[in-house]
Every structure is written in structure tokens, then in C-alpha cells.
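Chemist: In the numbering used here, the protein residues as written are -10 to 183. The C-beta atom is built at its ideal place from N, Cα and C for all residues, glycine as well.
(1) Can you tell me whether residue 82 is buried or exposed? The criterion is at least 16 other CB atoms within 10 Å of its CB, across all chains shown.
(2) Just checking my contact of residue 71 with residue 155 at CB under 8 Å: how many whole Å lie between their CB atoms?
(3) Do residue 54 and residue 130 have their beta-carbon atoms positioned less than 8 Å apart in this structure?
(4) Between residue 163 and chain C, is there a C-beta pair that is closer than 8 Å?
(5) Okay, do the segment 89 to 99 and the segment 49 to 69 touch, 3+ Cβ pairs below 8 Å being the bar?
(6) Please report how far the alpha carbon of residue 127 lies from the alpha carbon of residue 41, in whole angstroms.
(7) Thinking residue 164 and residue 75 are a contact (beta carbons under 8 Å), I'd like their distance in whole angstroms, please.
(8) Between 121, 180, 177 and 150, which lies nearest to residue 46 when the distance is taken from Cα to Cα?
(9) Excluding five sequence neighbours on each side, which residues of the same chain lie with their C-beta closer than 6 Å to the C-beta of residue 118?
(10) At 4 residues or longer, what runs of the alpha helix (DSSP H) sit wholly inside the segment 91 to 163?
(11) Find out if the Cβ-Cβ distance for the pair residue 159, residue 134 is shorter than 8 Å.
(12) Cβ of residue 102 within 8 Å of Cβ of residue 73?
(13) With DSSP run on the structure shown, which of helix, strand or coil describes residue 82?
(14) Please list the terminal residues of the continuous beta strand (DSSP E) segment that includes residue 178.
(15) Alpha carbon to alpha carbon, what distance is there between residue 80 and residue 111?
(16) Run the CB neighbour count on residue 51, radius 10 Å, all protein chains shown included, and call it buried at 16 or more, exposed below.
(17) Tell whether a beta-carbon distance below 8 Å holds between residue 125 and residue 104.
(18) Pull up the distance between the alpha-carbon of residue 66 and that of residue 115, whole angstroms please.
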């Protein structure tokens, strides 16, 4: 074959045809690139998201209490003891899953457990605690989610470990399990206990 164009062929048109073929591949390559990026992002463990609060004082929390379930809590309640702050909601299925473990933790007396009802109607929160039990020494109603923003909440449930000096020591995203309580929380609590 020679490089001479066929009789009647327009060399400029042939070059444009090759360019058009490449243009058809651009959307396909973009699609697979985005699919790969999305797949990698979704495969990461959300409980490993970093928290800017670790090593810093717990956010100031001044909220009303969930009616009939003890007082609301303040930062002064964290001082002098290792504290768990559990962010929950009555509409949260995973919160229901972790609730028996929270009842057990609160019953042990090893740590103080406080609840933050996140973006939940206080009446629904109270009914939920009446139905499943109340593990919290105090429960605050964060109806608009503002305190959740201050705490860096991504969703519910989330659990924070606060040291006796009022500093956030650890954040767990997702439901508590006996495994992460035993393997992560218990050693950290032992380190923090005066």
C-alpha cells in the first residue's frame, strides 16, 4: 500500500474521521474513570474518617433535655471521669442495633454515658428511650442538628470518648459492637482512667 490517497479521496476528510473515532472514546474513558473513583471511595471504611476533635476540648453543648429522661448535659459533666457521648436518633435502625450494648456499658458503671438525640423530635426520642431503655445519665435534644455539626457528626450512630480533662480522645462512626468495644474502646478507657 502506498501513502498516496485513493483517487477522489479527500485527505483532510480522512483525518477528521480518525479524530471523530477518538472523540467517541472520550465519554467511555470518562465513564470508567468516574466508576473507578466512585468504587474506591465507596469501598473505604467510613469508621476510619478522621476527626478534627481528637485531642481538643469537647464542643460546648448547651441544649434542652429530652423530656422525662434526665437533665441535659454540659461540658462540666465530662470533667473528672471518662465519658461516652453517643449520638443517636429514634429513626436510626443502627442505633437500635447498638442499644443493648449501650445499656450494658451504662450498667457496668465503668464510664458515664451521655446521649445526644440528633435531628430527632424530642417526643420521639423520649418514646424510643421509654420503649428500649435509657442508658444515658443525661440526654440532650439536638433537634436542628447544630450541636451535631459542632461535634463533627456525619450521621448516626456515632460515639465519642471524652477523657477526664474534657478532651475528645476517640470517635467511632457506626454502631458499636462488642468487638470494637473490647478491642478499641476498653484499651483507650484504661489509658484515660486516672
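Modeler: Taking the definition as stated:
(1) exposed
(2) No, residue 71 and residue 155 are not in contact; Cβ-Cβ is about 11 Å, not under 8 Å.
(3) yes
(4) Within the model displayed, chain C is absent; a lone protein chain is all it includes.
(5) no
(6) 25 Å
(7) The Cβ separation is near 10 Å, so there is no contact.
(8) 150
(9) 58
(10) 111 to 121 and 135 to 140
(11) no
(12) yes
(13) helix
(14) Counting along the chain, residue 178 falls outside any beta strand (DSSP E), though it belongs to the alpha helix (DSSP H) covering 175 to 181.
(15) 12 Å
(16) exposed
(17) yes
(18) 21 Å
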